[in-house]
Structure formats: C-alpha cells, structure tokens
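Structure, as structure tokens:
2 protein chains.
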Amino acid sequence: MAQRVTLSDVARAAGVGMATVSRAMGDHPDVSSSTRERIRAVAHELGYRPSVAARALRSGGFRAISVIVPDNQWGWWEPVAHACVETAAEAGYQVLVHPVGGGEGGLAGAIDGLSNVPTEGVIVISVPDQKSVREACDRIGIPGVAIDDSSADICFPSISADNYAGAREVIEHLIETGRSRVVFVRPRLSGGAPVWGDAFYLQERERAYRDVLAEAGLEIDESLIIDTAFDETAPGCPELGELLDRDVAVDAIFCSFDQLAATVLRELAARGLRVPEDIAVAGFDDERTAVLVTPQLTTARQPYAEMGRTAADLLLQSLAETAPPVRRYEFPTQLVVRASTVSTPRLQ
Amino acid sequence: MAQRVTLSDVARAAGVGMATVSRAMGDHPDVSSSTRERIRAVAHELGYRPSVAARALRSGGFRAISVIVPDNQWGWWEPVAHACVETAAEAGYQVLVHPVGGGEGGLAGAIDGLSNVPTEGVIVISVPDQKSVREACDRIGIPGVAIDDSSADICFPSISADNYAGAREVIEHLIETGRSRVVFVRPRLSGGAPVWGDAFYLQERERAYRDVLAEAGLEIDESLIIDTAFDETAPGCPELGELLDRDVAVDAIFCSFDQLAATVLRELAARGLRVPEDIAVAGFDDERTAVLVTPQLTTARQPYAEMGRTAADLLLQSLAETAPPVRRYEFPTQLVVRASTVSTPRLQ
DNA sequence: TTGTAGGCGTTATCAG
DNA sequence: CTGATAACGCCTACAA
C-alpha cells in the first residue's frame, strides 16, 4: 500500500484540527453537522481508514474474544460458535475463531499463541485437560470459559449438556418401547489417549445406562457393554458382530454418541437385521450423523446454541470484572424420536 | 484486571532503561546474556505481557489474516480453514476465522465489519456475489482471495475444483459401468435466491453431464434433469419419485453434489429399489454425506486442503505487494468409487 | 553494552 | 463548537 492516510492528513486537507476530525468520524455530539459532513467527505475522498491498532492502544482493548474449536472433528461446534458470535456482537465484541488441532502443544500451546492475538478472553471447546489450559490462560492473563463435558475436574466455568439426565431419557425411551436387552457402545481409546476413555460425558452416560436398567429391574450384563473403534467410515462394527453372534436376544443398542451409530447400523444391515423391528438403535448429541444415517436416529439433542450463548455471556461477564464461579453449568437435552427406535415416530 | 505492567515498569524495577528491557524481551543480540536473564526474571515476576496493540501500532501490522466461512452449511470448509491456518503459520501469520450467515448485510457487511478487526487480508469462501464483496474489500482497503466455484464472474483470484473435468469423470464412470439412462439432480432455488441456481459449479457439472452423454452416443432427455429441494433431512425426494413412476428405465442418478444424495437414497430405499444393483447413485464433493449414507457414495473428491493452502499463499503474496492475477485457479478432483455404483468397489 | 528520546495514529482533556 | 496537546506502550535510531 501507498501511504497510510491519517487523521492529521484529513485535518490538514479539511483545514481543521485533528480533534475535530476525530469527533466527526466518531459520532460525537460536539460537532456542527455541517463541518461533520464536510470532514467526512474529505476523509472519504482521501480514503481515510482509522487504525485499529492506534484506537486499541488508546482505548485499551480490542473488544474481541476468541473461541478455540477442535479442527479434527466434524463441525458439531458450528452452532456453538455461531451463538457466541451473536451474543458477543450484541455487546459490541468481535469473535475470533481459532481451529486448533492436536499437534504442537495442543490447546495450551494454542492459548500461548493468543498472546500475540488481540483478544481479551477465550472460550475453549472440548478440552482434554483443563488444568494445562487454565495455566496457559493465567500465563497470558486472560479469562476463560469452557464448553466441555470431557473433563471430570474443571478449572473454568464449564458448560455442558446434562449428560446423565439426557442419557436416562434415551434409555427410558428404549425400555418404554419394549426393549429389555440393551447394548451400550463406547468408543475405544485409540493409542495413547487414555484421557479420552475417562471422558466425563462417557461416564455420565454409562451411569445413566446402568441406573435406568437397574431401576427397570433388568440385570446389568457386562458383556453387553462393548468398546469399538471410533471411525464412522468403517464398513462395520466387528465388536458388535461378535456380540450378536453369541447373543441373539439383543433388542436395542445405545451408542454413547451419534457418530458411533454409523458403523453400528452398517453392521446390522449387513446381517440382515431390521431397524427398528429387530433391534432399536439410539444415540446422543443429535449431530449431523443422526439425520444422515438409515434409518434416521433417535437421540438426545444438545442445546448447542444456548450453550454457546451462555459461554459468551459468562466470558463477557468475566471481562466486566465479575468473574463467574468455576462450576459446571448443565443444560437439559431434548429427546428426539426418529425411525431407528419406533416404526412410526411419535413425537413427544 | 489491576494495572497494566508496561515496559517502563519493568525497566524501573530492574534498574535499567526501557530499551534494554525491550531488547531483552525480544531476542536482540545487543544485550549481555546476564542482564537479559535478570530482566526476564523481573518481567516474569511482575507479570509483564507486551501489548499487542502498541506493538502493532509501532510496527504497522498484526500479521493476521481472516477467513470468512459460511455458517449456514455443514462444515465442509473445515479442511480448507485448517490448511489456511497451517500455511499462514509458516509465514508467521495468525488466522482469524469468521463464521458469517446470510443475515445482516451478508458477506459484504461482514467484510465492512472487518475494518474493526486487526486483519490484513481476507479469504472468502463460497461467495454468492463477488462484486459486492470486492467493493467491501476495497472500501476497507484489504486484499482478498476467494475459494469459490459459485460465481461465474470473478473479481478475486478464485480457487475452485475443476468441476467440469471432475463431473466428467464421475459420469464416465457411470457409463463405463454399464449405465445409460442417467438422471441429473439439481438443487431447486429456494425462494428469493436466484443467484444460487446460476451457480457456476452447477453449470459446469451439467455441461459435463451433457457432453459425456452426447459423446457416448446417448440422447439427452430433458425429463431426466430434475430439480429438488435442498434438505438432507427430508424423508424422500418427491421429484425423483414422480420420474421413477413414469420412467422405469432409469439406471443411474448423478447428484450435482453429495448432500442431494441423502434424500435420493431414501426415496430409492422406500421404493424397494436396490443400489447399485437396480440404480447407481453418484455425487460430487466427497463431503461427509458421502460416507454416512447407505450405501456409501461414489463421488468426486475436492482437494480442499490444497485449495486452502493455495488461497493462503496467494493472499500472503498480495500482502507482500505482489498482487496475484485475478483469475480462476482450478484444481483437479479425484474419483472415489464406493458401493453406490459398483457392488464390489474397485479402486482406480 | 546500555540509555534517551521520538513517533506510530487515536482519543480525551483541556482551554479558547 | 473547535483546536492544541498529552497520553496509550512499544520499538529503534542515535548518542553515550
């Protein structure tokens, strides 16, 4: 670019002082509308554009917050980010979204990188280890909020769905529609990521599974709890296959999250088992998978938009010097009944 | 927060001048390592953190670029954004991702909003109208690059897949595997969005359809070109249903993009038609839909990562004052053969 | 090797 | 209503 056009350039050209130009450009009351118009015309003519940096330096802040999203998973977080953007915009804040993969220092490394970014706070989504992220935030001195149901121990105000209640609803639905021998499918820890297997949401959903079955007077058969690779593109689910080979009485499958259902359904189809006539299948999240698979999936819908809105609200609150308490903020899910559990979906 | 700790605070506390502190914090050669260590210790002690704003003001730039992504569609653009992040990082740039919906001024409005954001350039993805976006970029004075195969007329260096060649490959594959009566499914323009129907990529894919059929000596039957609502959650595809009711000879369906295949496959399943035995189905994009539907979809894979990398490269080039020419940069797609067209997928 | 001083472009505070 | 002037926090000649 040529040369930056500054306030004083405009001032000189318009034959007024810098202060007047500044007032004219911002909508200050203390300028006569005639001079304001004249100055604006000159500014436009010269192609004047205010310097974000100078303004931020002077007024101490960029009015921007960051959202760090996992870039290794499908975009379930998009509605979350969208809600953050909306909410922040209402408060005059910009939102910067940073997709961060597993590599190079992970989340904590990414946060350290934020020290070079004009941002005043951060919302982290899906955190494997809140402690290190918390330390990174403290290091660069910005407040944080988490949208995260993976961490059992939390160091941030943490927003999540009510996994226990939501899973209860799904499993109760299975029982109510006459199922009694329910498989629970968990993701298998891949390689060196033991953290994942301890994910809080998995624990909660499993707890719901055990509780509901017990309350229904059903015995908990540990052989019905299986672990499978997390790869929605796989042609089938061998662990489920083995189970079905030796246990024909299975009449329902609860996948700990929707994405596991893709391979489960393929395995059932390959064996000529009809869903839901022979076996009902349900998931959790109401993620895109749920509507794309055949048949479409009964599941618990997470209120992503509301969760995003709350995250932004809490963070903005932190910036306004009233740090919200570090606790879990849980949101109820909604049971969505589709063709994978009942032949004629009845809505409730 | 209390009070900002500045360079001069550190200088005073360490009993040196500001310049020395500045040099010690950056890795300047002209400081004795002993003072450097001492100063760093003091700085750490005081919790000193450099001001992004002041630094940017002083050195004229934030070293950040923006990527504007559509937030009303599923995240097919994620690999694109990821590649942009990687590429930018290599050049020492941060990437800010801005999800933008259709509302409030649309893309052009979003770009205007960037004038308050510390960013030096912008990559726009999936642009309905390049002209207005171009004007917005000029207005706020930043260079842009588009990843976009919707606009027939371009005002940015525009990156896209080679839609014509890619679609040719898919349709040729259908012909080669013995199909001859091929339906072409297009999205119906919804409400007041005529721009969409003229999308360049649709024209190109349709042109390929017509050319390949003609070259194969097949007559083009206009009744085989149908428009359907674009809603992947719909239970079926009525337009296809009507066609099948009156034309039983159909033996293949080419969906102008993968997402249309979801309802198409449901329609076929509901009618008891087997895929691929009775009818083959193929799409375009190799988007997530392709692996989630049953059966999995033969399609043309767009090289999203490479496209993102190129976009970032071109933009960084613009920033380095060598504006790349405004033309279309096309990337070849790759035919991915799956179970929706051949019973035993043969890879090629 | 270290310190001093000036300026990056704004906005806010004063006088006029 | 308008104009001069002083910060905001950092970097970098230039001088010591």
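Sequences listed follow chains H and R, in order. Sequence positions in the first sequence follow numbering that gives the first Met the number 0 and run 0 to 347. Sequence positions in the second sequence follow numbering that gives the first Met the number 0 and run 0 to 347. We put the beta carbon where it would ideally sit given N, CA and C, even for glycine.
Nearest-angstrom Cα separation, counted from residue j out to residue i
i                         : j                         : result
valine 184 of chain H     : isoleucine 252 of chain H : 7 Å
alanine 338 of chain R    : proline 302 of chain R    : 21 Å
alanine 281 of chain R    : alanine 164 of chain R    : 15 Å
tryptophan 76 of chain R  : tyrosine 328 of chain R   : 17 Å
isoleucine 139 of chain R : lysine 130 of chain R     : 15 Å
aspartate 226 of chain H  : cysteine 236 of chain H   : 10 Å
arginine 180 of chain H   : glutamate 276 of chain H  : 14 Å
glutamate 203 of chain H  : asparagine 162 of chain H : 6 Å
glutamate 85 of chain H   : methionine 306 of chain H : 12 Å
glutamate 171 of chain H  : leucine 296 of chain H    : 16 Å
serine 317 of chain R     : glycine 240 of chain H    : 55 Å
isoleucine 38 of chain H  : alanine 55 of chain H     : 23 Å
alanine 233 of chain R    : valine 292 of chain H     : 12 Å
glutamate 286 of chain R  : glutamate 231 of chain H  : 13 Å
valine 194 of chain H     : leucine 113 of chain R    : Any reading at valine 194 of chain H needs caution, since the residue's pLDDT is 41, under 50, leaving its predicted position unreliable; the model's value is listed next. Each residue's alpha carbon lies about 39 Å from the other.
valine 121 of chain R     : valine 144 of chain R     : 7 Å
arginine 209 of chain R   : valine 182 of chain R     : 11 Å
alanine 12 of chain R     : alanine 42 of chain R     : 9 Å
glycine 74 of chain H     : glutamate 214 of chain R  : 41 Å
glycine 359 of chain R    : valine 15 of chain R      : Absent from the structure is residue 359 of chain R, since the part of chain R shown begins at 0 and ends at 347.
glutamate 36 of chain R   : valine 30 of chain R      : 10 Å
proline 294 of chain R    : leucine 242 of chain R    : 22 Å
arginine 53 of chain H    : glycine 91 of chain H     : It should be noted that the sequence gives alanine, not arginine, for residue 53 of chain H. The alpha-carbon atoms of alanine 53 of chain H and glycine 91 of chain H are separated by roughly 18 Å.
proline 28 of chain H     : glutamate 89 of chain H   : 23 Å
serine 157 of chain R     : glutamate 134 of chain R  : 16 Å
proline 49 of chain R     : serine 32 of chain R      : 20 Å
alanine 207 of chain R    : valine 169 of chain R     : 9 Å
isoleucine 278 of chain R : alanine 289 of chain R    : 17 Å
glycine 191 of chain R    : serine 149 of chain R     : Summary for glycine 191 of chain R: the model assigns pLDDT 46, below 50, so the residue's position carries little reliability, and this model does not support an answer.
alanine 310 of chain H    : serine 58 of chain H      : 25 Å
glutamate 119 of chain H  : glycine 108 of chain H    : 17 Å
glycine 216 of chain R    : glutamate 205 of chain R  : 17 Å
alanine 8 of chain R      : threonine 34 of chain R   : According to the sequence as given, residue 8 of chain R is aspartate; it is not alanine. Approximately 16 Å between the Cα atoms of the pair.
Residue i versus the options, residue with shortest Cα-Cα distance
i                         : options                                : result
leucine 427 of chain R    : R/Arg167, R/Gly307, R/Gln202, R/Leu313 : Absent from the model: residue 427 of chain R. The displayed extent of chain R is 0 to 347, so no value can be given.
valine 116 of chain H     : H/Gln129, H/Val94, H/Arg206            : H/Val94
valine 274 of chain H     : H/Val123, H/Ala260, H/Ser157           : H/Ala260
arginine 178 of chain H   : H/Ser159, H/Ser149, H/Asp250, H/Asp147 : H/Asp250
arginine 326 of chain R   : R/Arg62, R/Tyr92, R/Phe155, R/Thr5     : R/Phe155
isoleucine 110 of chain H : H/Val132, H/Tyr92, H/Glu238            : H/Val132
tyrosine 200 of chain R   : R/Glu320, R/Gly271, R/Tyr47, R/Ala151  : R/Ala151
glycine 46 of chain R     : R/Val96, R/Glu266, R/Thr5, R/Gly271    : R/Thr5
aspartate 197 of chain R  : R/Gly216, R/Ser255, R/Leu242, R/Asp246 : R/Ser255
leucine 223 of chain H    : H/Ile146, H/Glu214, H/Gly216, H/Arg245 : H/Arg245
serine 65 of chain H      : R/Ala319, R/Ala10, R/Val341, R/Val96   : R/Val96
proline 186 of chain R    : R/Val263, R/Pro323, R/Leu217           : R/Val263
alanine 82 of chain H     : H/Val211, H/Ile146, H/Pro324           : H/Ile146
leucine 106 of chain H    : H/Glu119, H/Cys136, H/Ala87, H/Ala80   : H/Cys136
valine 336 of chain H     : H/Asp220, H/Arg62, H/Leu173            : H/Leu173
glycine 60 of chain H     : R/Ala63, R/Ala10, R/Arg3               : R/Arg3
For residue j and residue i, believed in contact at Cβ under 8 Å, the rounded distance
i                            : j                            : result
phenylalanine 229 of chain H : aspartate 257 of chain H     : That pair is no contact at about 12 Å.
isoleucine 124 of chain H    : proline 69 of chain H        : 6 Å
proline 142 of chain R       : leucine 314 of chain R       : 7 Å
valine 99 of chain R         : isoleucine 67 of chain R     : 5 Å
alanine 299 of chain R       : threonine 332 of chain R     : 4 Å
valine 341 of chain H        : threonine 176 of chain H     : 6 Å
alanine 357 of chain R       : phenylalanine 330 of chain R : Because chain R spans 0 through 347 in this model, residue 357 of chain R falls outside it and cannot be assessed.
Heavy atom of the ligand COA within 6 Å of residue i beta-carbon
i                       : result
threonine 86 of chain H : Only the bare structure without any ligand can be found here, which leaves the ligand COA out of the picture.
*Which runs of the beta strand (DSSP E), 3 residues or longer, sit entirely within the stretch 104-154 of chain H?*
Counting only runs of 3 or more, we get 121-124, 143-146.
*Residues in the stretch 15-33 of chain H having any Cβ partner in chain R nearer than 8 Å*: Taking 8 Å as the Cβ-Cβ cut-off against chain R, none of the residues of the stretch 15-33 of chain H qualify.
_Contacting positions in the stretch 247-269 of chain R - beta carbon closer than 8 Å to chain H_ = Cβ contacts with chain H come from Ala261, Leu264, Arg265, Ala268.
*asked:* What ranges does the alpha helix (DSSP H) occupy inside the stretch 16-43 of chain R, keeping only unbroken runs of at least 4 residues that lie completely in it?
replied: DSSP runs (the alpha helix (DSSP H)) wholly in the stretch 16-43 of chain R: 17-24.
*asked:* Quick check for students: name the residue ranges of the beta strand (DSSP E) that lie wholly in the stretch 298-345 of chain H, counting only runs of 3 or more.
replied: Counting only runs of 3 or more, we get 298-300, 327-330, 333-335.
*Residues in the stretch 209-241 of chain R with C-beta within 8 Å of chain H's C-beta atoms, listed in sequence order?*
Cβ contacts with chain H: Glu231, Thr232.
_chain R contacts made by the stretch 73-89 of chain H, where a contact means CB separation under 8 Å_ = Within the stretch 73-89 of chain H, the qualifying residues are Trp73, Gly74, Glu77, Ala80, His81, Val84.
_What are the residues in the stretch 276-300 of chain R lying within 7 Å of chain H by C-beta distance?_
So the close ones are Arg287, Thr288, Val290, Leu291, Val292, Thr293.
*Residues of the stretch 103-136 of chain R whose Cβ lies closer than 8 Å to any Cβ of chain H, in chain order*: For the stretch 103-136 of chain R, the set of residues with a beta-carbon nearer than 8 Å to any beta-carbon of chain H comprises Gly112, Ser114, Asn115, Val116, Pro117, in chain order.
*Can you list, in chain order, the stretches of the beta strand (DSSP E) that have 3 or more residues and sit fully within the stretch 209-294 of chain R?*
As far as the stretch 209-294 of chain R is concerned, its whole beta strand (DSSP E) runs of at least 3 residues are 224-227, 251-254, 279-281.
*Could you name the residues of the stretch 35-55 of chain H whose beta carbon sits closer than 8 Å to any beta carbon of chain R, in the order they occur along the chain?*
Going along the stretch 35-55 of chain H in chain order, one finds Gly46, Arg48, Pro49, Ser50, Val51, Ala52, Ala53, Ala55 with a Cβ nearer than 8 Å to chain R.
*Where in the stretch 58-105 of chain R do unbroken runs of the beta strand (DSSP E), each at least 3 residues long, occur, reported from the N-terminal end onward?*
The qualifying runs are 63-69, 93-99.
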